[in-house]
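**Q** This is the structure, below, for whatever I ask next.
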Amino acid sequence: MTKPLSIKTSNGAVLAILAALSWGMATVMSKGALDVFAPIFLLVVQLAASVACLWLLILVRKKPTQPLAWRTVVRFAALGLLEPGLAYLLDLIGLEHTQASTATLILSTESLMIMALSALLFGERLSVRFMLLSIVAVAGLYLALGASLADAGSAAMWGNALVFAGSACAALYVVLSARIATDADPITIVAWQQTVALGFALALLPLEWMLRPTLHNLPTTPELWLLAASSGVVQYALAFSLYMAALRNIRASVAGSFLNLVPLFGFAGASLFLHEAISLQQLLGALITVAAVTLMGTGTGWAQ
């Protein structure tokens with residue numbers, strides 16, 4: 016007889032699924048917002064909303080936190096230039112030229128890139144199992160992207176390349192962050208990182224206005240501003256907070272496995288809200304990639 020799940024485990028699973036839903040739907044929301052906002056300006060709006068929520072959360076919660084040494088703050092905050100700064104900047108520029116469903120599938124390969132970069136930069140050995148599953152994941156990705164690009168032009172290919180580059184930046188951020196040991200409150204660290212990323216985006220904003228002067232006319236309806244701001248809160252603040260809450264109830268390996276639902280939520284949201292056409296070939300390729308990445312997470316992935 017199967018042992019029933021504890022309430023703590025069940026709550027952790029629900030929170031992890033909600034985090035995956037948040038990340039998947041945030042990509043769909045960002046794609047919708049890009050119809051009226053330029054990528055860098057949208058990133059500024061998203062980060063401003065998220066940073067405000069995170070610092071407000073830090074101020075109002077009663078949980079005591081260990082004071083951070085400025086050296087630790089600087090080291091972690093500098094990584095904010097990589098993610099969310101550069102990573103999400105590339106993602107948004109790429110998303111402007113490709114489908115939301117395609118972008119969420121590409122973003123699901125981040126875990127594969129993390130292990131590959133760890134091996135490349137720090138000599139960590141990969142298992143044969145990981146390498147075989149990587150081939151399967153790439154094959155599924157090729158199948159899905161081949162279907163989506165069959166009738167697409169060079170703009171979509173350029174967009175996909177930028178999303179890949181954004182995923183690589185995010186993977187590099189994870190690899191480098193893991194090398195900095197700290198017991199600091201994760202929400203405080205992320206608030207600092209997003210604050211630095213906001214400064215980075217603001218510094219690039221004049222360049223976007225200079226290169227794309229037609230984008231000076233900003234939306235006048237509050238609904239569009241709400242969409243832009245809420246997409247940032249959902250992606251940067253809500254999803255992270257849900258995932259951190261999940262980690263207090265279930266193991267990191269279990270919580271991480273639920274993140275493989277992100278592209279499936281992205282596919283569903285893109286089809287439902289953006290009316291993107293999803294072919295059987297795309298769906299099959301996506302399922303192959305998600306299954307392979309999930310199996311990577313169930314094993315160590317590293318040579319013993």
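Residues 16 to 319 in my numbering are what the sequence shown lists, from first letter to last. Every residue gets a Cβ at the ideal spot worked out from N, C-alpha and C, and that includes glycine. On a predicted model such as this, the values are computed, not experimentally measured, just so you know.
#1: Rounded to whole angstroms, what is the Cα-Cα separation between Gly214 and Tyr188?
#2: Does the segment 207-222 come close enough to the segment 18-36 that 3 or more CB-CB pairs lie under 8 Å?
#3: Any idea if Ile150 is buried or exposed, counting beta-carbon neighbours within 10 angstroms, 16 or more meaning buried?
#4: Comparing alpha-carbon positions, which option in Leu257, Trp240, Ser21 lies nearest Leu49?
#5: How would you write the range of the alpha helix (DSSP H) that Tyr258 sits in, first residue to last?
#6: If we ignore side chains and look at the alpha-carbon of each, how far apart do His107 and Arg144 end up?
#7: Could you tell me the alpha carbon to alpha carbon distance between Ala244 and Leu217, rounded to whole angstroms?
#8: What residues in its chain sit with their C-beta under 8 Å from that of Cys184, if we drop five residues either side in the sequence?
#9: Would you check whether the ligand GTP has a heavy atom nearer than 7 Å to the C-beta of Ala307?
#10: So which of Val89, Leu262, Gln209, Asn175 has the shortest CA-CA distance to Ser123?
#11: Which residue wins for smallest C-alpha separation from Ala159, given the options Ile121, Leu132, Met128?
#12: Under the rule that 16 or more other beta-carbon atoms within 10 Å means buried, what is Met40, buried or exposed?
#13: May I have the straight-line CA-CA distance separating Leu222 from Ala92, to the nearest angstrom?
#14: So, under 8 Å CB-CB, Ala115 and Ala285 are touching, yes? Tell me the CB distance rounded to an integer number of Å.
#15: Would you kindly report the start and end of the unbroken alpha helix (DSSP H) that includes Tyr103?
#16: May I have a chain-ordered list of the alpha helix (DSSP H) segments no shorter than 4 residues that lie completely inside the segment 157-219?
#17: Please report the distance separating the alpha-carbon of Tyr157 from that of Gly281.
#18: For Met225, tell me which candidate among Lys77, Ile22, Ala53, Val66 has the shortest Cα-Cα distance.
#19: Would a C-beta distance cut-off of 8 Å place Ser126 and Val190 closer than the cut-off?
#20: Taking a contact to mean a Cβ-Cβ separation below 8 Å, would you say Ile275 touches Val249 in this structure?
#21: Between which two residues does the alpha helix (DSSP H) containing Val43 stretch?
#22: Here's the rule I'm using: 16 or more other beta-carbon atoms within 10 Å means buried, otherwise exposed. How should Trp7 be labelled?
#23: Quick check: the Cα distance between Val59 and Lys23, rounded to an integer number of angstroms?
#24: If you reduce the DSSP assignment to three classes, tell me which class Leu289 lands in.
#25: Exposed or buried, which one is Lys77 when buried takes at least 16 other CB atoms within 10 Å?
#26: When you compare the CB positions of Ala252 and Ser45, do they come within less than 8 Å of one another, or not?
#27: Check whether the Cβ atoms of Ala270 and Leu262 sit closer than 8 Å, and answer yes or no.
**A** Answer, in terms of the structure:
#1: 18 Å
#2: no
#3: Ile150 comes out exposed.
#4: Per the Cα distances, Trp240.
#5: 254-262
#6: Just to set this straight, residue 107 is Leu in the shown sequence, not His. Going from the Cα of Leu107 to the Cα of Arg144 covers about 33 Å.
#7: The alpha-carbon atoms of Ala244 and Leu217 are separated by roughly 16 Å.
#8: Leu97, Glu98, Leu101, Ala102, Leu105
#9: With respect to the ligand GTP, the structure offers nothing, as it holds no ligand at all.
#10: Asn175
#11: Ile121
#12: buried
#13: Cα to Cα, Leu222 sits roughly 23 Å from Ala92.
#14: 4 Å
#15: 102-110
#16: 169-192
#17: 18 Å
#18: Ala53
#19: Val190 is positioned such that its CB atom lies no closer than 8 Å to that of Ser126.
#20: Checking the sequence, you will find Asn at residue 275 rather than Ile. No, these two residues do not count as a Cβ contact at 8 Å.
#21: 22-48
#22: The chain is shown from 16 up to 319; residue 7 falls before or after that span and cannot be answered.
#23: 37 Å
#24: coil
#25: exposed
#26: Not closer than 8 Å, so no.
#27: yes
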